[in-house]
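Student: Dropping the structure in here first, questions after.
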Amino acid sequence: DFPDGRLSDVLREAGEIRAILPLVTITRHTRSWALLDSEEKTVVRVRFVESVSEDDAAPIRAAILEAEPIRGYGAEFEKLTKILSGLGLEPGEDDILSASLKARGETIGTYSSKVSVSLDPDMPSGKAIRKILKTLLETIKKNEDGMLRDIDTEFLHDFRVSVRRSRSALTLTKDIYTEEEREHWKDALRTLGKMTNRLRDLDIYLLGKEKYAAMVPPSLSPGLDSLFSLIADERKKAFQEFKAFVESDEYRRILISWEVFLDSPESSGTGKNAGKPVIKLARKRIKKRYKNALALGGAIADDSPDADLHTLRIECKKLRYYLEFFESLFPGDETKRAIKQLKSLQDNLGDFNDLHVQQGSIQDFLSLVPAGSADERGIVEAAGGLISCLYSRQEERRAEFASRFAEFSGPETKDLFDKMLSGN
Numbered sequence: 001d002f003p004d005g006r007l008s009d010v011l012r013e014a015g016e017i018r019a020i021l022p023l024v025t026i027t028r029h030t031r032s033w034a035l036l037d038s039e040e041k042t043v044v045r046v047r048f049v050e051s052v053s054e055d056d057a058a059p060i061r062a063a064i065l066e067a068e069p070i071r072g073y074g075a076e077f078e079k080l081t082k083i084l085s086g087l088g089l090e091p092g093e094d095d096i097l098s099a100s101l102k103a104r105g106e107t108i109g110t111y112s113s114k115v116s117v118s119l120d121p122d123m124p125s126g127k128a129i130r131k132i133l134k135t136l137l138e139t140i141k142k143n144e145d146g147m148l149r150d151i152d153t154e155f156l157h158d159f160r161v162s163v164r165r166s167r168s169a170l171t172l173t174k175d176i177y178t179e180e181e182r183e184h185w186k187d188a189l190r191t192l193g194k195m196t197n198r199l200r201d202l203d204i205y206l207l208g209k210e211k212y213a214a215m216v217p218p219s220l221s222p223g224l225d226s227l228f229s230l231i232a233d234e235r236k237k238a239f240q241e242f243k244a245f246v247e248s249d250e251y252r253r254i255l256i257s258w259e260v261f262l263d264s265p266e267s268s269g270t271g272k273n274a275g276k277p278v279i280k281l282a283r284k285r286i287k288k289r290y291k292n293a294l295a296l297g298g299a300i301a302d303d304s305p306d307a308d309l310h311t312l313r314i315e316c317k318k319l320r321y322y323l324e325f326f327e328s329l330f331p332g333d334e335t336k337r338a339i340k341q342l343k344s345l346q347d348n349l350g351d352f353n354d355l356h357v358q359q360g361s362i363q364d365f366l367s368l369v370p371a372g373s374a375d376e377r378g379i380v381e382a383a384g385g386l387i388s389c390l391y392s393r394q395e396e397r398r399a400e401f402a403s404r405f406a407e408f409s410g411p412e413t414k415d416l417f418d419k420m421l422s423g424n
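At position 124 of the sequence shown the residue is numbered 124 (this note's numbering), and the sequence of numbers has no breaks.
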């Protein structure tokens with residue numbers, strides 16, 4: 001945490017819900033001068049900046065002379081730069097931060113939780129899927145340390161999403177892998193995903209504490225605070241259970257065997273589809289998911305059960321993953337536009353599902369309240385008020401569904417998918 005001020009505002013905007021971690025310490029010493037003309041007016045500002053990175057075994061030092069032009073005195077600035085060039089100084093940047101991070105094996109801006117895989121349309125499908133799965137495995141591994149150290153909630157989230165994407169990618173391996181291989185790895189990845197469920201659910205509630213507090217009247221705030229205190233205690237227990245699993249032989253065996261498999265030639269597959277161009281696989285599977293989504297959504301009426309919207313949500317998520325996996329195969333921004341069209345519907349379905357699940361979870365959290373405790377009545381009243389608000393919002397999302405789906409299933413989106421999926 002940082003005190004209120006400009007630094008806090010900048011870091012909060014940059015980090016959002018991510019933790020800000022110290023990686024290197026750099027000390028700077030700055031000396032400043034103003035160059036004056038004959039009338040003692042400032043024509044150029046000059047700063048000499050000396051920096052040293054203090055965290056490395058061999059500290060990195062850098063010195064740079066900065067010249068700042070003053071409006072209306074461009075000629076004087078040009079004259080100074082010529083003098084400095086004549087002294088052997090060359091234009092450059094103060095890159096001590098990059099150099100210090102490189103010395104520690106860190107590179108700025110290289111991590112992304114998004115799937116970014118460059119595929120050639122003629123690449124054999126088996127090799128393409130293998131490349132996708134290996135990319136996702138790297139993301140899984142990169143988040144392990146942050147999860148175990150419990151630095152912030154996004155390490156677990158990114159790990160969880162990459163596992164889920166990996167399971168989705170495995171659905172593309174029919175007639176590439178054997179059925180036995182497919183089921184084995186789907187079960188293994190299901191185990192990894194399942195062990196994140198409880199901890200992630202608790203994280204979501206704690207992250208949304210302020211949002212939930214704003215839903216209920218102030219009179220219920222004490223009870224809600226007590227409820228969230230119980231949830232925080234439950235989260236500590238869930239984290240210890242999760243940590244024990246990640247440090248277990250079972251977890252390590254799953255991850256090592258998965259990596260060994262993906263590093264082997266067998267992971268490119270031996271089935272009849274393994275050698276077919278990936279562009280054909282991509283078009284076929286995306287088209288199937290798109291048609292499934294249209295059929296499922298088109299069958300939903302005002303009186304359809306909540307489960308129907310849940311089924312559509314899962315289908316849309318699979319379609320989204322396929323679009324992300326194969327984005328590099330399609331020209332221009334076609335895939336990004338398709339994802340944008342899909343996202344509006346996904347947001348509606350995701351909110352609807354979350355609100356439905358949250359009502360049940362809050363009811364379950366009441367089992368954590370010690371019977372007869374001083375807080376029991378206040379917690380129960382706060383939970384009841386919150387559940388009522390969540391139900392009301394769920395109904396609002398349900399009412400919005402028809403217009404969101406109409407937009408997704410409309411001619412603009414259809415033309416986009418038809419164009420993207422045309423070809424043999």
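Cβ atoms here follow ideal geometry from the backbone N, Cα and C, with glycine treated the same way. Just so we're clear, the structure is a prediction, and the values are computed from it rather than from any experiment.
State the Cα-Cα distance for the pair Ile26 and Phe48, rounded to the nearest angstrom.
Tutor: One C-alpha to the other measures close to 16 Å.
Student: Output the boundary residues of the beta strand (DSSP E) element that contains Val52.
Tutor: Taken as a continuous stretch (DSSP letters only), the beta strand (DSSP E) holding Val52 covers Thr42 to Ser53.
Student: Report all residues from its chain with a CB closer than 7 Å to the CB of Leu349; omit the five preceding and five following residues, and keep chain order.
Tutor: Counting only Cβ-Cβ distances below 7 Å, and skipping sequence neighbours, we find Leu309, Leu312, Arg313 and Cys316.
Student: Report back the beta-carbon spacing between Lys127 and Ser268 to the nearest angstrom; my notes put them in contact at under 8 Å.
Tutor: About 5 Å; that satisfies the 8 Å criterion.
Student: Taking the continuous beta strand (DSSP E) assigned at Leu35, which residues delimit it?
Tutor: From DSSP, the beta strand (DSSP E) with Leu35 extends over Ile26 to Leu36.
Student: Checking 8 Å against the spacing of the C-beta atoms, do Val44 and Pro69 come in under that value?
Tutor: Yes, the pair counts as a contact, with Cβ atoms nearer than the cut-off.
Student: Hey, could you find the ends of the beta strand (DSSP E) Leu199 is sitting in?
Tutor: Careful: Leu199 lies outside any beta strand (DSSP E), inside the alpha helix (DSSP H) at Asn197 to Leu207.
Student: Assuming contact is defined by CB atoms lying nearer than 8 Å, are Leu206 and Arg235 in contact in what I supplied?
Tutor: Yes, Cβ-Cβ distance for Leu206 and Arg235 is below 8 Å.
Student: Considering Cα atoms alone, identify which of Ile151, Leu87 and Lys114 is closest to Leu323.
Tutor: When each option's Cα is compared against that of Leu323, the closest is Lys114.
Student: Is there contact here, the segment 398-417 with the segment 289-306, by at least three beta-carbon pairs under 8 Å?
Tutor: Yes, the segment 398-417 is in contact with the segment 289-306.
Student: With DSSP collapsed to three states, give me the class of Tyr177.
Tutor: Reduced to three states, the DSSP call for Tyr177 is strand.
Student: Just to confirm before moving on: does the CB-CB distance between Ile339 and Gln359 stay below 8 Å?
Tutor: No, the pair does not count as a contact, with Cβ atoms beyond the cut-off.
Student: In the DSSP assignment, find the beta strand (DSSP E) that holds Pro69 and state where it starts and stops.
Tutor: Its beta strand (DSSP E) spans residues Ile60 to Pro69.
Student: Which whole-angstrom value describes the C-beta separation of Lys238 and Leu296, a residue pair presumed to lie in contact below a C-beta threshold of 8 Å?
Tutor: It is Ala, not Lys, that sits at residue 238 in the sequence shown. At roughly 33 Å, the Cβ-Cβ gap does not stay under 8 Å, so Ala238 and Leu296 are not in contact.
Student: Compare the Cα-Cα distances from Leu390 to each of Pro124, Ile256 and Ala214 and report the closest residue.
Tutor: The option with the nearest alpha carbon to Leu390 is Ala214.
Student: Ser125 and Thr139: beta carbons closer than 8 Å?
Tutor: No, the pair does not count as a contact, with Cβ atoms beyond the cut-off.
Student: Would you give the residue range spanned by the alpha helix (DSSP H) that Asn273 belongs to?
Tutor: Element bounds for Asn273: n/a, residue is neither H nor E.
Student: Please confirm if Lys287 has its CB atom under 8 Å from at least one CB of chain D.
Tutor: The chain inventory of the structure shown lacks chain D, comprising one protein chain alone.
Student: Starting from Pro124, follow its DSSP beta bridges and name the residues at the other end.
Tutor: Per DSSP, Pro277.
Student: Which residues in the same chain as Ser226 place their Cβ atom closer than 7 Å to its Cβ, once the five residues preceding and following it in sequence are excluded?
Tutor: Only Asp375, Gly378 and Ile379 meet the Cβ criterion.
Student: Which residue's Cα is closest to the Cα of Arg130: Thr153, Leu355, Phe325 and Glu180?
Tutor: Answer by Cα proximity: Phe325.
Student: Taking the straight line between their C-alpha atoms, what separation do you get for Lys41 and Tyr73?
Tutor: Rounded to the nearest angstrom, the two C-alpha atoms are 10 Å apart.
Student: Could you tell me the distance, in whole angstroms, from the CA atom of Glu400 to the CA atom of Leu170?
Tutor: Cα to Cα, Glu400 sits roughly 33 Å from Leu170.
Student: Please classify Lys336: is it buried, with 16 or more other beta-carbons within 10 angstroms of its beta-carbon, or exposed?
Tutor: Exposed, since its Cβ has fewer than 16 Cβ neighbours within 10 Å.
Student: Are Ser168 and Lys280 touching if we call contact CB-CB under 8 Å?
Tutor: It is not a contact, given that the beta carbons lie outside the stated cut-off.
Student: Ile60 and Ala103 - do their beta-carbons sit closer together than 8 Å?
Tutor: Cβ distance < 8 Å, so Ala103 and Ile60 count as in contact.
Student: My output table needs one value for Glu241: the three-state DSSP class, helix, strand or coil.
Tutor: Residue state, collapsed to three classes: helix.
Student: Verify whether the separation of the beta carbon atoms of Thr196 and Leu156 is less than 8 Å.
Tutor: Cβ atoms of Thr196 and Leu156: closer than 8 Å.
Student: Thinking C-alpha only, which one of Asp37, Gln394, Gly88 and Ala382 is nearest Asp347?
Tutor: It is Gln394.
Student: From Arg164, Met147 and Leu101, pick the residue whose C-alpha is nearest to that of Ile132; which is it?
Tutor: Checked all of Arg164, Met147 and Leu101; the closest Cα to Ile132 is Arg164.
Student: What residue from Ile231, Leu101, Arg28 and Lys134 has the CA that sits closest to Pro22's CA?
Tutor: That would be Leu101, whose Cα lies nearest to the Cα of Pro22.
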